[in-house]
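Protein chains in written order, with our numbering: chain B, 6 to 433; chain G, 6 to 433.
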């Protein structure tokens, strides 16, 4: 019998039959999959068995370690400052990384943000930044290190060397219905963050209609697993569970989210974006041992904005250039007067995606100017005949499907809804 | 989004989340998989979800119908005789098809046996017959029909046209740990038997250490599902649950099993082989409306042997030629006197396989002369120093691993074991 295949089947059978995988089984299967010795159809069967039968904590820890071992590890210990990073599980209008990274850097902690591009209804940080004229996402490790020392913050594309096993497995899970497994989500996120070499980490675990995790129980479980993984690996890790039933801020798109982020850095911007940015900054500073600094001060005194501009310029972007504007717009008018009682994050996210702000496949381009602006948030009064949404795209044929996504995603009523907290819980 | 992939994920998610698949989902996924539009890694994830979450009866019926629809259907309605077939889920020393097909034909019912080759510890009917000098397994549909009319029985290789979806799926399940799912086993077997066009069918569902199904509950469940599938498709179907904790007869191999089958056709042979052959023949005759004939008579009067010789000759074999003999043999001696209390089917099957009687991969050759002969069955007295097993192979290097397989697979004690029935139950 072909020995490697025989072993792959053994590992699949063990998990299928509800057993714990041994350390050596995990090490072997992750390594053999990365090398192409375990076939995609075998790994997808294993992923489904993991999704349905679960994994114990020590299996997840070992799986994460095996994914880290599949590639290179970065090391920022030679920097003159401590490091801290943030990861969000993905939400609609979630531009928080943009103001957060320069804000934390302005507080004296270096932020090495390796980011990704968007897929589906949640946007990608790199897609947003690429709407800034000239800005480039790809940096060498040396460029990244130099920028961290000189500017204090860098947001760039993760190189191919970090956790290649995860890259391969993530693409497979995407087409085989095996994305929503907590052991696989947690190990995917944490393998990259641990390999990245950050000293402290805060996880923004989103909960609600526009998030991956629809209920608090599963979101808390994911947060606990990830915090344990980070802590075990020597990364000071905490997590905030934050609400994603309503989209963040007033914009979902690319250039329009950059503009909103710049408002926040200028001391203004939507209250929820400011609140979450400051809350996450406090966690990162505490993790890096700098909880003596109040990040709110650094927004008020303009120092976060200074770091932002330096950060954009260091990656060949022009922070003062005009941002791209969509060629076409369509305004949705409030049909009655009252209070906006509901605004569904998923409806808005799908609309922005269908307008061209996001992509369906990895290789698709995105439109810099596309997206959705909403002119009220739940609890705000609206007047019949005034604009409720502005839809933006370069291709007017996209309006119909975007409008269909928004349909049923909002309500106007007589009374203000009960306000729900943005930060639901803290883990770690 | 790529529409076909999107649909594959939809189907996977439905089964993953414990929902029933709709008729159109089943039709689509089986057809798209056959055409290569659904990828192997998607089908293996779906197979694992089916294995762990199960399928309702009507889903299995529809899945089976979709597999039948993936290829051609045969039609024996123009024959002058009714047809009946048998399928065994696979056991050690299971040569029953060899005496059974000519026996039933001698009773006036045509037997169109499309068989397979062996994989792993259970032998294959075609491998056994190919040890007869000159015999060929491949027939055209016209040759098969002519032989059924003239001889009344044919055992040949299933063509590629029958249920190609099953062929593809079976190979996938084999390497992805998804073989042991009752819905997939039942639909795999029954799609081929229904497409084959037999009028009646008896299923020999093996139970015990040497079988696929280790316990009676699961074997009965499989039998019930298959009987329902056959009945719904208009095939008069019954099933016998039969014991496979002990191997059948006194031989496991290829030529040695042919020789044992010829003994049965000559009116002798081991009692258990005779018992099971006659029991299955009665089921087939009843299904074909010929329960007025007693198959035991046709063994006694030599008419089954006549059909056997005609059947072998019709496929270019010489029924009177000497069968191949292994070049090397090794005898295991009884260490003490007493009664053989246990003989494990799996141990014997693995030993025969390791001696070269079976194959590890589809493309491997088998040795015609290799196998295991046991000189006692449980309950038989044995004498210290007399032969207990004879191991046969062309390659003496194989003896060590075969002996290791047998080790612990048998016991000699002072008292005879409690006899267990060969036919455990009947379903249908």
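Each residue gets a CB set at the ideal place from its N, CA and C atoms; glycine is no exception.
What does residue 56 (chain B) touch in chain G if you count any residue whose Cβ is under 8 Å from its own? Working through the first chain from its first residue, we reach residue 56 (chain B) at position 51. Residues of chain G passing the Cβ test: 21.
Against chain G, with Cβ distances strictly below 8 Å, would residue 59 (chain B) count as a contact? Position 54 of the first chain, counting from 1, holds the residue named residue 59 (chain B). No, no contact with chain G.
Of the listed residues B:417, B:377, B:362, nearest to residue 386 (chain B) (C-alpha basis): The residue labelled residue 386 (chain B) in the question sits at position 381 within the first chain. Nearest C-alpha to residue 386 (chain B): B:417.
Are there 16 or more other CB atoms within 10 angstroms of the CB of residue 43 (chain B), so buried, or fewer, so exposed? The residue labelled residue 43 (chain B) in the question sits at position 38 within the first chain. Buried, since its Cβ has 16 or more Cβ neighbours within 10 Å.
Which residue comes first and which comes last in the beta strand (DSSP E) that contains residue 379 (chain G)? Within the second chain, numbered from 1, the residue matching residue 379 (chain G) stands at position 374. Taken as a continuous stretch (DSSP letters only), the beta strand (DSSP E) holding residue 379 (chain G) covers 376 to 379.
Ordered along the chain, which non-local residues of its own chain (more than five positions away) have a Cβ less than 6 Å from that of residue 258 (chain B)? Here residue 258 (chain B) is taken as the residue at index 253 of the first chain, counted from 1. Correct list, in chain order: 357, 362, 375, 376.
On the three-state DSSP scale, how would you describe residue 70 (chain B)? Here residue 70 (chain B) refers to the residue found at position 65 when the first chain is read from its first residue. Reduced to three states, the DSSP call for residue 70 (chain B) is helix.
Just checking: is the beta-carbon of residue 42 (chain G) within a distance shorter than 8 Å of some beta-carbon in chain B? Locating residue 42 (chain G) in the second chain gives position 37, where the first residue counts as 1. No, residue 42 (chain G) lies away from the interface with chain B (no Cβ there is under 8 Å from its Cβ).
Please state the DSSP three-state secondary structure of residue 30 (chain B). To locate residue 30 (chain B), count along the first chain from 1; it is residue 25. Three-state DSSP puts residue 30 (chain B) in a helix.
From B:178, B:103, B:114, B:180, residue whose alpha carbon lies closest to that of residue 297 (chain B): Your numbering for residue 297 (chain B) matches position 292 in the first chain. Of the candidates B:178, B:103, B:114, B:180, the one whose C-alpha sits nearest the C-alpha of residue 297 (chain B) is B:114.
Contact set for residue 432 (chain B): own chain, Cβ-Cβ below 6 Å, skip 5 residues either direction: As a working mapping, residue 432 (chain B) is identified with position 427 in the first chain. Excluding sequence neighbours, residue 432 (chain B) sits near 228, 229, 232, 244.
Span of the beta strand (DSSP E) around residue 118 (chain B): Counting from 1 along the first chain, the entry for residue 118 (chain B) is found at position 113. That run of the beta strand (DSSP E) goes 116 to 120.
Contact residues within the segment 169 to 201 of chain B, judged by C-beta distance below 7 Å to chain G: 177, 180, 181, 182, 183
Just the C-alpha distance for residue 334 (chain B) and residue 320 (chain B), rounded to the nearest angstrom, thanks. In the first chain, counting from the first residue as 1, residue 334 (chain B) sits at position 329. In the first chain, counting from the first residue as 1, residue 320 (chain B) sits at position 315. So the two alpha carbons sit approximately 31 Å from each other.
For residue 14 (chain B), decide whether its Cβ has a neighbour in chain G, counting only Cβ atoms nearer than 8 Å. In the first chain, the residue the question calls residue 14 (chain B) occupies position 9. True, the Cβ-Cβ gap to chain G drops below 8 Å.
Run the CB neighbour count on residue 23 (chain B), radius 10 Å, all protein chains shown included, and call it buried at 16 or more, exposed below. Mapped onto the first chain, residue 23 (chain B) falls at position 18. Result: exposed.
Is the segment 144 to 152 of chain B touching the segment 377 to 397 of chain B in the sense that three or more CB pairs, one from each, lie closer than 8 Å? no
According to the Cβ coordinates, are residue 378 (chain G) and residue 398 (chain G) closer than 8 Å? Working through the second chain from its first residue, we reach residue 378 (chain G) at position 373. Working through the second chain from its first residue, we reach residue 398 (chain G) at position 393. Cβ distance not < 8 Å, so residue 378 (chain G) and residue 398 (chain G) don't count as in contact.
If we define contact as Cβ-Cβ less than 8 Å, is residue 65 (chain G) a contact residue for chain B? Reading the second chain from its first residue, position 60 is the one you call residue 65 (chain G). Taking Cβ atoms only, chain B never reaches closer than 8 Å to residue 65 (chain G), which makes this a no.
Separation of residue 135 (chain G) from residue 406 (chain G), as counted between CA atoms: Numbered from 1 along the second chain, position 401 holds the residue referred to as residue 406 (chain G). Numbered from 1 along the second chain, position 130 holds the residue referred to as residue 135 (chain G). The alpha-carbon of residue 406 (chain G) is positioned some 25 Å away from that of residue 135 (chain G).
For the candidate residues G:171, G:158, G:20, G:271, whose alpha-carbon lies nearest to that of residue 307 (chain G)? Against the second chain, residue 307 (chain G) aligns to sequence position 302. Measuring from the Cα of residue 307 (chain G), the nearest candidate turns out to be G:271.
DSSP three-state label for residue 130 (chain G), please. On the second chain, position 125 is the one that residue 130 (chain G) refers to. Residue state, collapsed to three classes: helix.
Alpha-carbon to alpha-carbon, residue 344 (chain G) and residue 420 (chain G): Numbered from 1 along the second chain, position 415 holds the residue referred to as residue 420 (chain G). Numbered from 1 along the second chain, position 339 holds the residue referred to as residue 344 (chain G). Approximately 6 Å, taken between the alpha carbons.
Are residue 65 (chain G) and residue 278 (chain G) touching if we call contact CB-CB under 8 Å? Counting from one through the second chain, the residue named residue 65 (chain G) turns up at place 60. Counting from one through the second chain, the residue named residue 278 (chain G) turns up at place 273. No. Outside cutoff.
Can at least three beta-carbon pairs, one atom from the segment 210 to 217 of chain B and one from the segment 245 to 254 of chain B, be found at a separation below 8 Å? The way I'd put it, the segment 210 to 217 of chain B does touch the segment 245 to 254 of chain B; three or more beta-carbon pairs between them come closer than 8 Å.
Runs of beta strand (DSSP E) wholly within the segment 125 to 213 of chain G (minimum 3 residues, chain order): 158 to 162, 205 to 212
Can you give me the C-alpha to C-alpha distance between residue 205 (chain B) and residue 26 (chain G), rounded to a whole angstrom? Taking the first residue of the first chain as 1, we reach residue 205 (chain B) at position 200. Taking the first residue of the second chain as 1, we reach residue 26 (chain G) at position 21. So the alpha carbons of these two residues sit roughly 46 Å apart.
Over what stretch of residues does the alpha helix (DSSP H) that includes residue 219 (chain B) continue unbroken? Counting from one through the first chain, the residue named residue 219 (chain B) turns up at place 214. Residue 219 (chain B) -> no alpha helix (DSSP H), and no H or E assigned at all.
Looking at the unbroken alpha helix (DSSP H) that takes in residue 296 (chain G), where does it start and where does it end? On the second chain, position 291 is the one that residue 296 (chain G) refers to. No alpha helix (DSSP H) contains residue 296 (chain G), which DSSP labels as neither H nor E.
Are at least three pairs of beta-carbons, each pair with one atom in the segment 156 to 172 of chain B and one in the segment 67 to 77 of chain B, less than 8 Å apart? yes
For a contact defined as C-beta to C-beta under 9 Å, what are the partners of residue 45 (chain B) on chain G? By 1-based counting over the first chain, the position of residue 45 (chain B) is 40. Residues of chain G passing the Cβ test: 44, 45, 46, 49.
Considering residue 347 (chain B), what are the terminal residues of the beta strand (DSSP E) in which it resides? As a first step, residue 347 (chain B) must be located in the first chain, where it is residue number 342. Note, residue 347 (chain B): beta strand (DSSP E), 343 to 348.
How would you list, in chain order, the residues of chain G whose beta-carbon sits under 8 Å from the beta-carbon of residue 52 (chain B)? For the purposes of this step, residue 52 (chain B) is identified with residue 47 of the first chain, where counting begins at 1. What residue 52 (chain B) touches in chain G: 50.
Can you name, in chain order, every residue of its own chain whose Cβ lies under 7 Å from the Cβ of residue 171 (chain G), other than the five neighbours on each side? Taking the first residue of the second chain as position 1, residue 171 (chain G) is located at position 166. Excluding residues within five positions, the ones whose Cβ falls inside 7 Å are 72, 193, 196, 197.
Hey, out of B:30, B:185, B:241, B:169, whose CA is closest to residue 91 (chain B)'s CA? If you number the first chain from 1, residue 91 (chain B) lands on position 86. It is B:241.
Relative to the C-alpha of residue 83 (chain B), which candidate in B:350, B:202, B:95, B:285 has its C-alpha closest? As a position in the first chain, residue 83 (chain B) is number 78, starting the count at 1. That would be B:202, whose Cα lies nearest to the Cα of residue 83 (chain B).
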